[in-house]
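Heads up, the thing below is written out as structure tokens.
There are 2 protein chains.
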Amino acid sequence: MPAKPDIRAVIMAGGSGTRFWPLSRRKTPKQFLPIVSDRTMLEETARRIFPLVPPRRIYTIANAAQTRTIRRLLPRLPAGNFLVEPEARNTAPSLILATARIFLENPKAVIAVLPSDHLIADGAVFLKKMAAAAAAAAAEDALITFGIPPTFPSTGYGYIHYRKGAARKFLGEPFYEVEEFQEKPSTEKAVGFLRDGGYAWNSGMFFWRADVFAGKLERFAPEFHAAWTRMLAALRSGSRSQVASVFSGIPAISIDYALMEKARGVRMAEGNFGWSDVGAWSSLADIWARDPAGHAVKGAVATVDARNCVVFNPGRLTALIGVEDLVIVNTKDALLVCRRDRDQSVKQVLELLAGTGKTDYL
Amino acid sequence: MPAKPDIRAVIMAGGSGTRFWPLSRRKTPKQFLPIVSDRTMLEETARRIFPLVPPRRIYTIANAAQTRTIRRLLPRLPAGNFLVEPEARNTAPSLILATARIFLENPKAVIAVLPSDHLIADGAVFLKKMAAAAAAAAAEDALITFGIPPTFPSTGYGYIHYRKGAARKFLGEPFYEVEEFQEKPSTEKAVGFLRDGGYAWNSGMFFWRADVFAGKLERFAPEFHAAWTRMLAALRSGSRSQVASVFSGIPAISIDYALMEKARGVRMAEGNFGWSDVGAWSSLADIWARDPAGHAVKGAVATVDARNCVVFNPGRLTALIGVEDLVIVNTKDALLVCRRDRDQSVKQVLELLAGTGKTDYL
């Protein structure tokens, strides 16, 4: 029986999005908001894995300003585990930095890369699958990922094409050979994926042993492996400016594009643990409990002839009369009233605000 | 040329309504709210007539709690002019009290009875007509009123039937003989009124000389004249409890029902001075300025594919996406989102709140 792997988690907490405006702002993106529960999504992400990964082995990576918020939300993590991105450069540079940092402590450590703004409804199943993924990553010369079984032909996610036949089991969980990563498809293509089977949504969650990651870079992304080597040297030197200099020399692209899509030896398990990326306000209609009239509500409501609204107005009363299928979000300084099928247009509102100098609301 | 009349104004400030919830509450009814302008409707009512009736000749009548608010809003009125209703008993008892009070100072004084929660868009025309009405009341043994030229067959107002042929002019303004007051009609009847002509909406504004009021009571409402005589005696005695006792003995009905509908010698001028009773939130769509998308707004808005909403959210931003014909009212503790044609259902919301013990919001 193999030794228990040294599992580390790197929580990617640096995202900035606009889709939960007006609750989310430049300074408080989605992961710092209590959207799906009374805790922030970042706290939920960390607390979910505590039984498998103790706080001292959890790292975060984000920019300096965000890291101040993260320290406050995750006080149990050691001060040295809050990794700071010298600048915003997408996920490839960040994950090279984080993996190199852990490699210097233990090249055989298994690293779980976790987005900080996804919902996992079934935490117990997730932990079980995560332990299996860590075991797979520890044992194999492979990059491991979770693919989300698709429930509709979404054009908003990337897809993973995998071979259902070729599985290896770890802790009872099958890990399939990945054929190919697919970028966000057209509707036609997406419909084809679901019809054909063997396709899953790219969850953005990855598991790799630090030394395996380095080896895959060397074979499938040599340009990035050169950066990796320089990053190790910079970290060993202890010079923050040298780290920043190496970081800013790495192409600002995603790890999917830099490595996952190019590498061979990638395996995938099915992530059927109640995943949602909680993409916009309307998605909360399927996440929060609904009342008998179909309203999903944070706060108190009094309704007359109203149906199927998503209401975020905690601590206040919302009265709805004769309306349906609205998203209503009330914050200290801004109120959003939006048709449910139009919540992607929040971006246009932000462009309007930026264009008219109302930057306080951004 | 007759002497300039001694004009007094009695502003009826005691109303309580629910139709502007959640801005209006039990403690702050419509007349105490800045709904049509940046001033409260009560302040607008008083300031509008200052050129004709100086503050020392303006009286208010309301209950004790409301009078505390009124004193704060109208600090230029003498302390003795804030008349307090011993209890809530509709307008007949209140106007007998107020008129008797002024009668004791000057029986020939002309009293203008004015609601405190109506919009008058054209203040200059109103003042001109008010001066004419005061002149008519001073010269004639008549009760004077304004009738609002109807713009649609409303079933929400009482109507005044008047004889277009028989007019007397005062200050150039024709005052028609009133045939009859009509209660709120059926739609069929209202349509008939507009077709026939000679009908106007009852504005609730009245002008009478104090001694003429007493004489009309004597001839057309003897039960109320007995109360009038007792009220004069109680006021002369200076005993507040005696006034309260007389007051509570007067039937709790409106002055329309007690006197106006029964009296002969009633004259009416056309009140075409941009009147609105501002009956509910949706009426503000015709009162506030509208932006190019048809929104009537207090506060800032940013809109995408939205039309014809009424938004009250001062000091905050409201973003509207893909919605139309909504009423949106945001206050410190409660938010209303309502279809524009359903704003009368606010009452049902209040019943719901009362029924579920959420009385803080009433």
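In order, the protein sequence lines correspond to chains D and V.
At position 28 of the first sequence (counting the first as 1) the number is 28 in the numbering used here, and the numbers step up by one without a gap.
At position 307 of the second sequence (counting the first as 1) the number is 669 in the numbering used here, and the numbers step up by one without a gap.
Backbone N, C-alpha and C define an ideal beta-carbon position, used for all residues, glycine too.
Beta-carbon within less than 7 Å of residue i's beta-carbon, same chain only, minus the 5 sequence neighbours each way: which residues are those?
i	result
GLU218/D	HIS225
GLN604/V	ALA596
THR549/V	PRO515, THR517
VAL608/V	ALA589, ARG592, MET593, ALA596
ALA716/V	LEU724
ALA614/V	ARG451, ASN452, PRO455
PHE29/D	According to the sequence as given, residue 29/D is Pro; it is not Phe. GLY15, SER16, GLY17, listed in sequence order.
GLY238/D	none
GLY656/V	ARG669, ASN670
ARG704/V	none
ARG25/D	LEU362
ALA529/V	PRO536, PHE537, TYR538
GLN706/V	ALA642
Cutting at 8 Å between CB atoms, please list the residues of its own chain near residue i, excluding the five before and the five after it.
i	result
ASP333/D	PRO22, ASP360, TYR361
TYR162/D	GLY147, TYR176, GLU177, VAL178, GLU179, GLY198, TYR199, ALA200, MET268
MET1/D	Confidence at MET1/D is low in this model, with a pLDDT of 48, below 50, so its placement is unreliable and the value that follows should be read with caution. So no residue of the chain qualifies.
GLU449/V	ASN425, ALA606, PHE609, SER610
ALA583/V	ALA620, LEU621, LYS624, ALA625
ASP573/V	PHE465, PRO469, LYS470
GLU324/D	ALA306, ARG307, ASN308, CYS309
THR40/D	GLN31, PHE32, LEU33, PRO34, LEU73
LYS578/V	LEU505, TRP570, LEU621, ALA625, GLY627
TYR421/V	ARG370, ALA371, VAL372, ILE373, LEU439, ASN443, PHE444, LEU445, ALA460, ARG463, ILE464
Per the DSSP calculation, residue i is bridged to which residue(s)?
i	result
SER607/V	For SER607/V, which the question treats as bridged, DSSP gives no partner whatsoever.
VAL36/D	Partner(s): none; VAL36/D has no beta bridge.
ASN675/V	Paired residues: none, contrary to the question.
ALA474/V	ALA371/V, PHE569/V
ALA696/V	LEU317/D
THR303/D	LEU320/D
ILE411/V	DSSP, once it has assigned bridges, lists no residue as partnering ILE411/V.
THR390/V	ARG387/V
TYR723/V	Partner(s): none; TYR723/V has no beta bridge.
THR18/D	THR18/D is not bridged to any residue.
THR145/D	PHE206/D, MET268/D
ARG339/D	LEU326/D
LEU119/D	SER276/D
Leaving out five residues on either side along the sequence, give the residues of the same chain with a beta carbon under 6 Å from the beta carbon of residue i.
i	result
THR69/D	PHE32
CYS338/D	VAL327
VAL304/D	ILE321
LEU545/V	Note that residue 545/V corresponds to Glu in the displayed sequence, not to Leu. For GLU545/V, where only same-chain residues beyond five positions count, the Cβ hits under 6 Å are GLY520.
ARG340/D	SER282, ASP325, VAL327
THR369/D	Since the first and last residues shown for chain D are 1 and 362, residue 369/D lies out of range.
ARG370/V	ARG419, ILE464, ALA471, ILE473
LEU714/V	none
ILE49/D	ALA9
LEU646/V	ALA658, VAL672
PHE575/V	THR461
GLN526/V	Correcting the residue identity first, residue 526/V is Lys in this sequence and not Gln. Contacts found: GLY560.
LEU336/D	PRO22, VAL329
Below 8 Å, is the gap between the Cβ of residue i and the nearest heavy atom of the ligand FMN?
i	result
ASP6/D	Ligands are entirely absent from the displayed structure, and the ligand FMN is therefore not among its contents.
Exercise for the section: Within the segment 509 to 596 of chain V, note down every full beta strand (DSSP E) run reaching 3 residues or more, in order along the chain. Expected result: 521 to 532, 535 to 544, 561 to 571
Handout entry: Meets three-Cβ-pair contact criterion under 8 Å: the segment 298 to 311 of chain D and the segment 682 to 694 of chain V
Key = In short, these stretches do not touch, since the Cβ pair count stays below three.
Practice task
Jot down the residue ranges of each uninterrupted beta strand (DSSP E) in the segment 61 to 104 of chain D, minimum 3 residues, whole runs only, in chain order.
Solution key: 82 to 84
Problem - Residues in the segment 691 to 704 of chain V having any Cβ partner in chain D nearer than 7 Å - result: Here the close residues are ASN692, ASP695, ALA696, LEU697, LEU698, VAL699, CYS700, ARG701, ARG704.
Exercise for the section: Give a yes or no on contact between the segment 471 to 483 of chain V and the segment 369 to 381 of chain V, applying the rule of three or more CB pairs nearer than 8 Å. Expected result: Yes: at least three Cβ pairs fall under 8 Å.
Exercise for the section: With a floor of 3 residues, list each beta strand (DSSP E) that falls wholly inside the segment 611 to 663 of chain V, ordered by position along the chain. Expected result: 628 to 632
Practice task
Pair every Cβ in the segment 447 to 456 of chain V with every Cβ in the segment 404 to 412 of chain V, then say whether three or more of these pairs are closer than 8 Å.
Solution key: no
Problem - contact_flag[the segment 128 to 141 of chain D, the segment 104 to 115 of chain D] where n(CB pairs < 8 Å) is 3 or more - result: Counting Cβ pairs under 8 Å, three or more are found: they touch.
Exercise for the section: Anything in the segment 316 to 329 of chain D with a Cβ closer than 8 Å to a Cβ of chain B? List those residues in chain order, please. Expected result: The chain labelled as chain B is not found among the protein chains of the depicted structure, namely D and V.
Practice task
Pull out every residue of the segment 593 to 611 of chain V whose Cβ sits closer than 7 Å to any Cβ of chain D, in chain order.
Solution key: none
Exercise for the section: Could you name the residues of the segment 661 to 680 of chain V whose beta carbon sits closer than 9 Å to any beta carbon of chain D, in the order they occur along the chain? Expected result: GLY661, ALA662, ALA664, THR665, VAL666, ASP667, ALA668, CYS671, VAL673, ASN675, GLY677, ARG678, LEU679, THR680
Practice task
Evaluate contact between the segment 120 to 129 of chain D and the segment 267 to 284 of chain D, counting only Cβ atoms and requiring at least three cross-stretch pairs below 8 Å.
Solution key: With the cut-off at 8 Å, the segment 120 to 129 of chain D and the segment 267 to 284 of chain D touch.
Exercise for the section: Would you list, in chain order, the members of the segment 532 to 566 of chain V that have their beta-carbon closer than 8 Å to a beta-carbon of chain D? Expected result: none
Handout entry: chain D contacts made by the segment 374 to 403 of chain V, where a contact means CB separation under 9 Å
Key = Of all residues in the segment 374 to 403 of chain V, TRP383, PRO384 have a Cβ within less than 9 Å of some Cβ in chain D.
Practice task
Select from the segment 513 to 528 of chain V all residues with a C-beta closer than 8 Å to any C-beta belonging to chain D, and list them in chain order.
Solution key: none
Exercise for the section: Check distances from the C-beta atoms of the segment 272 to 287 of chain D to those of chain V and list, in chain order, the residues that come in under 7 Å. Expected result: none
Practice task
Would you list, in chain order, the members of the segment 345 to 360 of chain D that have their beta-carbon closer than 9 Å to a beta-carbon of chain V?
Solution key: Going along the segment 345 to 360 of chain D in chain order, one finds SER345, VAL346, GLN348, VAL349, LEU350, LEU352, LEU353, THR356, LYS358, ASP360 with a Cβ nearer than 9 Å to chain V.
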